[in-house]
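Notes follow the structure.
Protein chains: 2
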Amino acid sequence: LRPGQGTRDHPPAQAALRERLLSAVVSCFKRHGAAAIDTPVLELRETLMGKYGEDTKLIYELQDQGGELLALRYDLTVPFARYLAMNKVTNMKRYHVAKVYRRDNPATTRGRYREFYQCDFDIAGQFDPMIPDAECLKIVHEILSDLQLGDFVIKVNDRRILNGVFAVCGVPESKFIPACSTVDKLDKAPWEEVRSEMVGEKGLSPEAADRIGEYVQLHGGLELIERLLQDPQLSQNKLAKEGLGDMKLLFEYLTLFGITGKISFDLSLARGLDYYTGVIFEAVLLQQENEHVEEAVSVGSVAGGGRYDGLVGMFDPKGRKVPCVGVSIGIERIFSILEQRLEASGEKLRTTETQVLVATPQKHLLPARLKLISELWDAGIKAEMLYKKDPKLLKQLQYCEDTGIPLAAIVGEQELADGVVKLRDVATREEVRM
Amino acid sequence: LRPGQGTRDHPPAQAALRERLLSAVVSCFKRHGAAAIDTPVLELRETLMGKYGEDTKLIYELQDQGGELLALRYDLTVPFARYLAMNKVTNMKRYHVAKVYRRDNPATTRGRYREFYQCDFDIAGQFDPMIPDAECLKIVHEILSDLQLGDFVIKVNDRRILNGVFAVCGVPESKFIPACSTVDKLDKAPWEEVRSEMVGEKGLSPEAADRIGEYVQLHGGLELIERLLQDPQLSQNKLAKEGLGDMKLLFEYLTLFGITGKISFDLSLARGLDYYTGVIFEAVLLQQENEHVEEAVSVGSVAGGGRYDGLVGMFDPKGRKVPCVGVSIGIERIFSILEQRLEASGEKLRTTETQVLVATPQKHLLPARLKLISELWDAGIKAEMLYKKDPKLLKQLQYCEDTGIPLAAIVGEQELADGVVKLRDVATREEVRM
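Here the protein sequences come in this chain order: E and A.
Here the first sequence is numbered in our numbering, starting from 4 and rising by one per residue.
Here the second sequence is numbered in our numbering, starting from 4 and rising by one per residue.
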């Protein structure tokens, strides 16, 4: 007896932790003026096809039971683009917190599941360059700071810069996407491995691969952007020049936001998905493996996103584009970290919010309990009672201690006769009659 | 370009209304001390099979893409029972608000969809009779009253009473379930039609059908329970006697809760699902079709539930039972009603919570806006700005009016020089420098 592979139940303690986490993320999205939308988990299969490149094979398809061919959404971005195109919306700031589905190899200890939550914030519309992009990075910075996850860095790059690099290194345009998805592996594999995949599987020339290697191992800040803007080859490439110009503008805005300390312009960042067209970014947590070792070790991506100016146009019959930029918070990995931390701390989250237990000390007082609890509920007070006709007072108080209920409202024969209730503070055992 | 048949997007205005509605329901569940759990949308196909009788054909199955055979959950009750059995939980009060899936004929104008939210509250455990059952009815009463949906009635019956009726009317036990699902149609069809289905399709004798007809057309309160307890046939039937005894106890508790005015003991109530074993109930809204017509017209069920003492045992290898009773709030139908009402009133719900727009009255002040808005966000204030380098002040104020933002924080050259911000009340146009 079990749930499906790569999926899991959330018992109350986990559900309470998740509610706390999601509410921190959603309140950040609301702080930035986003409206909520909801789209179905079921999408027409054709809506999802041709949007995810190699990952299309990870889409869950429904059986043909007559009627339409359906699939489970793979992310919240493609449904958002479908929504914008369908309703001819050209301007929108929205968030969406919901489950998505991927037939991936689950790695549940690292927080990778087949059914998992995504928390997305996106800005759609034609605006002045880099202003919405900078806000997305600010949001990542706010959320990771709020959640006190420890030190982090947000890597930033631009698909146009990467494509410019490929072009000046002599890669034919038809191989930009495969080259890009190979570069994407640099966060997990050393350059030598990535290089050999480029030459072996992807068919790039060894010379091209070596020249790419010189670029994609660079990372830094504004000074690196300036240096690359002067690079004799890159500065001749239109795409790279545009990308670097915008990157410089982005850094200007991030300086005004005061967050460049956590931003790294990193040419190895590629992001897996096909649909990105401009700025891309990814936040990783850093962990001091050992206080004596200076180098910080990455424990993986906890947020990512970027600009996708072409996706909405893929859904529009006339190909009308709506530029978009967005961020997705990797809530499952963050959840795993918080869960481990909570476990280590020994702290117990309350799973209910009950304020008062209605209790009786003698037998035959069920009617008194039912009447009192009904009055409390009607007054908006969170109240419970034991579902027994004649529970022992000790059992009732024990229940309060087990579940963290702070107060007991006790009605006994004496209280009934006097028309009062005895209110007991469970922790201090103080009692008042009222 | 569209979502799948029988599913729908929620644009911001609908998402905001839904959030308001769900939060009213959830706060009632929390008021009654329930903890949240979450279970996957994907369940193993075998988990769902054999639980829904005739409705099993409405389950969405996933394509076999290698690995396990999966299906989309049909309700939240069977996954809850699976959860209890799997974790050997014998005592739990939980709520679960989530989407479920049914390959039904959609009737979207009446709020019937293929993907829709359910809001469930259930109490699992061996307790003294009718105390948790009474609480479920109290919850329905509280929610429908809170939401001000107009007059309603909660019909109550008991599967044991129905089975007792079938037995004393001469129906063989093998036909109890078909007879029950036929009786269930009495809320939509007149007795004559139901009778002819019983005799024609279900193969009951005309005499049995006629005798059933005499019982299932009865409804009333405590006096009806008392009368049936004296009924020469029913009082001889063990099941019916138990059911009637518990129904009497239930009415006692509901009297203490002060809600019997909205409760009707109705022998025609049968509920479609196979797994109910005891008390069943269903709330319907009443609508005065016309002030001169006395009879109220039912606009359909908005909540329902009942006792299912055998379901958890179906998942336990040793068949160990965990008695359960629960209620499901029909949120989609309620949502349709509130939506129509909102539309009729002309009221516009705000879709964002932004408190202040950061604005500039002259050109070249983007840096000032970025700095100020960043300070506001860091202070937890919900703030927006237009994503333009040099927007006109009028456009900025217009945006406040369009989206309901109450305040504008304006920084111009003068304010920058003086080190102040001009705060403008958008509605009254009053301004203060601070």
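We treat Cβ as the ideally placed atom computed from N, Cα and C, and that holds for glycine.
Being a predicted model, the structure only gives us computed values, none of them experimental.
Just to confirm, are A/Asp107 and A/Arg117 a CB contact at a threshold of 8 Å? yes
May I have the straight-line CA-CA distance separating E/Val174 from E/Leu231, to the nearest angstrom? About 19 Å.
What separation, rounded to the nearest whole angstrom, lies between the Cα atoms of E/Glu229 and E/Thr10? 47 Å
Would E/Lys324 pass as an interface residue toward chain A - the criterion being a Cβ-Cβ separation below 8 Å? no
Where does A/Cys327 fall in DSSP's three states? strand
Contacts of A/Val44 in chain E (Cβ-Cβ under 7 Å): Val44, Lys102 and Glu118
Just verifying my parser: in three-state terms, what is the DSSP assignment at E/Cys172? If DSSP states are grouped into helix, strand and coil, E/Cys172 belongs with coil.
Candidates A/Gln233, A/Phe169 and A/Lys102: closest to A/Glu210 by CA position: A/Phe169
With distances taken between CB atoms, is the gap from E/Gly70 to E/Asp187 smaller than 8 Å? no
Does any residue of chain A bring its CB to less than 8 Å from the CB of E/Ser199? no
Looking at chain A, is there any beta carbon in it that lies within less than 8 Å of the beta carbon of E/Tyr218? Answer no: the Cβ-Cβ gap between E/Tyr218 and chain A never drops below 8 Å.
Should E/Val28 and E/Ile332 be called a contact, given that it needs their Cβ atoms to be closer than 8 Å? yes
Against A/Asp131, what residues of chain E qualify as contacts under a CB-to-CB distance less than 7 Å, listed in chain order? Near A/Asp131 (Cβ distances below 7 Å), the residues of chain E are Tyr390, Lys391 and Lys392.
By Cβ distance below 7 Å, which residues in the same chain neighbour A/His295 in space, the five residues on each side in sequence not counted? Legend: pLDDT at A/His295 = 42, less than 50; position of this residue unreliable, value from coordinates given subsequently. Excluding residues within five positions, none has a Cβ falling inside 7 Å.
Segments of 4+ residues assigned as alpha helix (DSSP H) that fall wholly inside the segment 53 to 116 of chain A: 80 to 89
To the nearest angstrom, report how far apart E/Glu297 and E/Phe124 are at their CA atoms. With a pLDDT of only 41 at E/Glu297, under 50, the local geometry of the prediction cannot be trusted, and the value read off the model is given with reservation. Each residue's alpha carbon lies about 35 Å from the other.
What are the partner residues of A/His13, as DSSP defines its beta bridges? According to DSSP, which records beta bridges pairwise, A/His13 is partnered with E/Asp41.
According to DSSP, simplified to helix, strand and coil, what is A/Ser184? The answer is helix: DSSP assigns A/Ser184 an H, G or I state.
Assumed close pair A/Pro135, E/Tyr63 - CB separation to whole angstroms, cut-off 8 Å: In fact, because the Cβ distance is near 37 Å, the residues do not count as touching under 8 Å.
Neighbouring residues, chain A, relative to E/Lys265 (Cβ below 9 Å): Neighbours of E/Lys265 across chain A, judged by C-beta separation under 9 Å, do not exist; the nearest C-beta is about 14 Å away.
Of all the options A/Gly349, A/Glu404, A/Gln121 and A/Gly329, which has the alpha carbon lying nearest to the alpha carbon of A/Tyr278? A/Gly329
So, with DSSP's three-state summary, where would you put A/Asn160? strand
Under the DSSP definition of a beta bridge, which residues are partnered with A/Phe284? A/Val159 and A/Gly308
Could you give the DSSP three-state label for E/Leu379: helix, strand or coil? helix
Which one of A/Gly56, A/Gly307 and A/Gly167 has the shortest CA to CA distance from A/Gln239? Among A/Gly56, A/Gly307 and A/Gly167, the Cα nearest to that of A/Gln239 is on A/Gly167.
Starting from E/Glu226, trace the beta strand (DSSP E) in both directions and tell me its first and last residue. In this chain, E/Glu226 is not harboured by any beta strand (DSSP E); it is covered by the alpha helix (DSSP H) spanning Leu225 to Leu232.
Suppose the cutoff is 6 Å on Cβ atoms and the five residues either side in sequence are ignored; what does the same chain contact list for A/Ser339 look like? Taken in chain order, the residues that qualify are Gly114.
Minimum Cβ-Cβ distance from A/Arg336 to chain E less than 8 Å: no
Under the three-state reduction of DSSP, which class applies to A/Gly167: helix, strand or coil? helix
Taking A/His13 as the query, report the chain E residues whose CB atoms sit under 7 Å from its CB, ordered along the chain. Ile40 and Asp41
Report back the beta-carbon spacing between E/Val423 and E/Ala386 to the nearest angstrom; my notes put them in contact at under 8 Å. The Cβ separation is near 17 Å, so there is no contact.
Helix, strand or coil at E/Glu196 [DSSP, three-state]: helix
Does the segment 279 to 286 of chain E come close enough to the segment 304 to 320 of chain E to have 3 or more Cβ pairs within less than 8 Å? yes
Local conformation of A/Gln290 per DSSP, three classes: strand
Cutoff 8 Å: A/Tyr63 Cβ touching any chain E Cβ: yes
With DSSP as the reference, please indicate the residues paired to E/Tyr120 in a beta bridge. E/Tyr120 is bridged to E/Lys102.
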